[in-house]
Structures are given as C-alpha cells and as structure tokens.
Amino acid sequence: MKMPSMDAVARFKAAMDSDQGALGPFMITSDPAYVEAAGYAGYDFVLLDMEHGPGTFANLQNLIRAANVAGVCPVVRVPRGTDIWVDRALDVGAGALLVPQIDTAEQARAVISAAKFAPVGTRGTNRFVRSACYGAKPGSEYFAQANETVVILQAEGKKAVDNLDEILDVPGLDVLFIGPYDLSSSLGHVGEVDHPDVVACIQGIIEKANAKGVKLGCFADTVEGAKKWRDMGIKFVGYTCDTYLFYQAAKADVEAFANK
Ligand code: 3PY
Ligand code: MG
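For any residue, its number in the working numbering is found by taking its place in the sequence shown, counting from 1, and adding 1100.
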C-alpha cells in the first residue's frame, strides 16, 4: 500500500535535482478544483499556504487529496514551526513542509526533529492518520517511509542572516528558502524586494548556501523572476499566488475584449 503523496515526493525531489529545478505556485484558494487544475498544468509542486491563506486543517486534507489526484507534490507552508502544525500537516499527507520565520539553528533543529519519526526525530506517533492510509499501511513501513518527506526552512529576517552559518549546518535541512518580502521588511525596506540592500543580502545567502552545498529555494513574483533565480542555481521556486494568476489572466481578457 502506497502512502498518498510519496510518489509525487519522489518526482518533486527529482525535479529539484534536475538542471531546470522545481516550480510551483503558492495557493490560498480553499477549493480543491484549483489545486487539481494546477497539478494538471504540470507544476512540480503546489504550495498550500497556511501562513497567509485562510485555510483550515479540515479543508487542507481535501486540497492535498486534489494534489494526489493530479499527481503533484503537496508542499504545505505551516503558520509557524511549532510541533502541532508540523504534526497536523504531515498527518493529513503533506509531501513537504515549508516553515516560515526560522531565525536560529535551535529553531531549525526543533522543526526537523518534529518532522521525523524516531529514531531520527520526535514526531508525534500515530499510524491511523491519512498519511498512513488510515491504518491500512503497516506501521513498520509507514514510520520509515514517512521520514522521506521534505523539510524546507525559510530564512527571511536579519536574525536568520546573522545565524546563517549555524542554520546551514543543521542535519536534515533539505532546502533553505529565502523570503524576499520578509527580508525586505527586516532590512528596513518593506516590500522593496529589488532594493540594493535586499539584493546584496540575498546574494550573500546564496553564496554561503552554495559554499556549504545546501539546496536553495526562493520566492518570485513572476516566471521571469523564477528564471533569474534558476540561473543563479536556485532549485525550488515558489512563485506568485493562485488568486493573482487568475486576476492577471482575467484582467488581460477584460482588456483584450475592451480593445477589440
Ligand atoms: C517572503 O517573501 O517573505 C515569503 O515568505 C515568500 O513566500
Ligand atoms: Mg515570508
């Protein structure tokens, strides 16, 4: 018996390891139809956003089901890196976790421990949850395979930059994700993601992560921005947002119709 998201996790890992890297949108809609459609569009992952989206855990499981139908990896951004969010997201079938606002190596270690079953970590142990096929999968297989899920931590503040060397050394960190918007805010230039201070800070993070061989992710507003990150060696790009993609497409249609 296969765990619901693990084939897609393997494809997601392969995409990150490819020259092209992995691309997927942040999603704040609560309708599984959009998640399913995004999967059919061919994204490498969908990023279900519990930090800035209005979603509930009751609905998250249905969004993850839709990702499973389309065969796309469900990455869940939890609101914060506390064990209860980590447990609940993984239990309903998240293939990967994106954890915001990691500032210290201690926080990084705590999240990674919460995401892994013993003996690797301290994840709360239950074999009757959705990710374990509600008990249909033998626990002996489930606990080992569940540790293959991906942990992505966000560095997006001055404190994280100050502690970057120690954070990058934490075992079990799969990807370090740069959050340009929170970084711009922390550096005193809120929203100015192209400000020279912000650009220089991101460049510094890229150089340090590359030197230590840690895989990087970053947010982009556009596909062009995503390609820029890809050219700089970034392997995981979360770009724009489902509702904004819809808004842009709708606006373009309205303008095309008005201009005859
Ligand atoms: C940021 O830019 O702060 C992010 O968290 C991107 O998702
Ligand atoms: Mg952020």
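Built from N, CA and C at the ideal position, the CB exists for glycine as well.
| Check | Outcome |
| --- | --- |
| Taking the alpha-carbon of serine 1130 as reference, which of Ala1210, Asp1183, Ala1311 and Ala1167 has the nearest alpha-carbon? | Ala1167 |
| Determine contact between the region 1258-1269 and the region 1110-1127, defined as no fewer than three beta-carbon pairs at a distance below 8 Å. | no |
| Measure the beta-carbon distance from alanine 1208 to leucine 1273 and round it to whole angstroms, keeping in mind my assumption that it falls under 8 Å. | 6 Å |
| Looking at methionine 1150: is its Cβ nearer than 8 Å to the Cβ of valine 1186? | no |
| So what does DSSP say about proline 1219, is it helix, strand or coil? | coil |
| Quick one: measure Cβ to Cβ for leucine 1316 and proline 1125, integer angstroms, because I've assumed they're closer than 8 Å. | Not confirmed; about 19 Å, so no contact. |
| If I measure Cβ to Cβ from alanine 1248 and keep anything under 7 Å in the same chain, skipping five residues before and after, which residues do I get? | In the sequence under discussion, the amino acid at residue 1248 is glutamate, which differs from the alanine named in the question. Excluding sequence neighbours, glutamate 1248 sits near Met1106 and Val1109. |
| Inspect the beta-carbon positions of valine 1178 and glycine 1139 and report whether they are closer than 8 Å. | no |
| If we count the other Cβ atoms within 10 Å of its Cβ and call it buried at 16 or more, is isoleucine 1252 buried or exposed? | buried |
| Compute every distance between the C-beta of glycine 1153 and the non-hydrogen atoms of the ligand 3PY, then say whether any falls below 7 Å. | no |
| Could you please give me the residues that DSSP links to cysteine 1341 through a beta bridge? | Phe1126 |
| Tell me the DSSP secondary structure of isoleucine 1267 in three-state form. | helix |
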